[in-house]
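Report on the structure given below.
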């Protein structure tokens, strides 16, 4: 009984952790589906849907930014391997912590700028559906929020790894 409840809780946790991937997948299906439907109706039925352009733009915004957040969480981004590899093991750990701090500062500033941008877009509307442009920039807000949270998690993990390495080095030196 307890194992079944644990598995259900684990599935829910997996869904929460993978929200950027899920949203990006839904956005991809929406963008491809809307484009496919519009191509079919344009060339076969000789008409187009008026909402096609806005839905596709919104879907591509969500797809782009949430995919970026998902790739960042999986550490599938460019790194500073050339500089990182020049240090020893302890130097690499220290460099990684400073690198994560720099990334956290930059992502926090970008997140703040996105918040200001979203706040200024209240009166602007998409041309055909008359939806607020805020819906285009919410994915930026969500993606950079995810990246800031992931960076904090990575930084905490790196600091704990650095402390653990220092303890191991100190124990070896004492023996």
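Numbering (the numbering used here), first residue to last: 22 to 196.
The beta carbon of each residue, even a glycine, is placed where N, CA and C say it ideally should be.
Considering only residues of the same chain and omitting the five flanking positions on each side of residue i, which have a CB-CB separation below 7 Å?
{"i": "residue 62", "result": "68, 69 and 70"}
{"i": "residue 56", "result": "77"}
In three-state terms, what does DSSP make of residue i?
{"i": "residue 152", "result": "coil"}
{"i": "residue 72", "result": "coil"}
{"i": "residue 183", "result": "helix"}
{"i": "residue 65", "result": "coil"}
{"i": "residue 59", "result": "helix"}
Which residues share a DSSP beta bridge with residue i?
{"i": "residue 83", "result": "Looking at the DSSP assignment, residue 83 forms no beta bridge with any residue, so it has no partner."}
Have a look at the options and flag the residue whose alpha-carbon is nearest the alpha-carbon of residue i.
{"i": "residue 118", "options": "183, 51 and 31", "result": "183"}
{"i": "residue 50", "options": "32, 91, 107 and 77", "result": "77"}
{"i": "residue 149", "options": "111, 140 and 72", "result": "72"}
{"i": "residue 92", "options": "55, 42, 157 and 180", "result": "42"}
{"i": "residue 164", "options": "52, 135 and 180", "result": "135"}
{"i": "residue 90", "options": "122, 46, 186 and 143", "result": "46"}
{"i": "residue 231", "options": "168, 44 and 145", "result": "Outside the displayed span of the chain (22 to 196) sits residue 231, for which this structure offers no information."}
{"i": "residue 175", "options": "58, 37 and 95", "result": "95"}
{"i": "residue 13", "options": "161, 114, 34 and 155", "result": "The first residue shown for the chain is 22 and the last is 196, placing residue 13 beyond what the model contains."}
{"i": "residue 158", "options": "144, 170, 138 and 146", "result": "138"}
{"i": "residue 44", "options": "86, 107 and 133", "result": "86"}
{"i": "residue 162", "options": "130, 52 and 65", "result": "130"}
{"i": "residue 128", "options": "104, 107 and 166", "result": "166"}
Excluding the 5 residues flanking residue i on each side, which residues of the same chain have their C-beta closer than 6 Å to its C-beta?
{"i": "residue 48", "result": "80, 83 and 84"}
{"i": "residue 124", "result": "172"}
{"i": "residue 179", "result": "117, 118 and 121"}
{"i": "residue 88", "result": "45"}
{"i": "residue 145", "result": "154"}
Would you verify that the beta carbon of residue i is, or is not, closer than 8 Å to some beta carbon of chain D?
{"i": "residue 174", "result": "Among the protein chains of the structure shown there is no chain D, as only one such chain exists."}
Ordered along the chain, which non-local residues of its own chain (more than five positions away) have a Cβ less than 8 Å from that of residue i?
{"i": "residue 110", "result": "186"}
{"i": "residue 151", "result": "none"}
Inset, instruction - Enumerate, from N- to C-terminal direction, the unbroken beta strand (DSSP E) stretches of 3 or more residues contained entirely within the segment 86-147. - result: none
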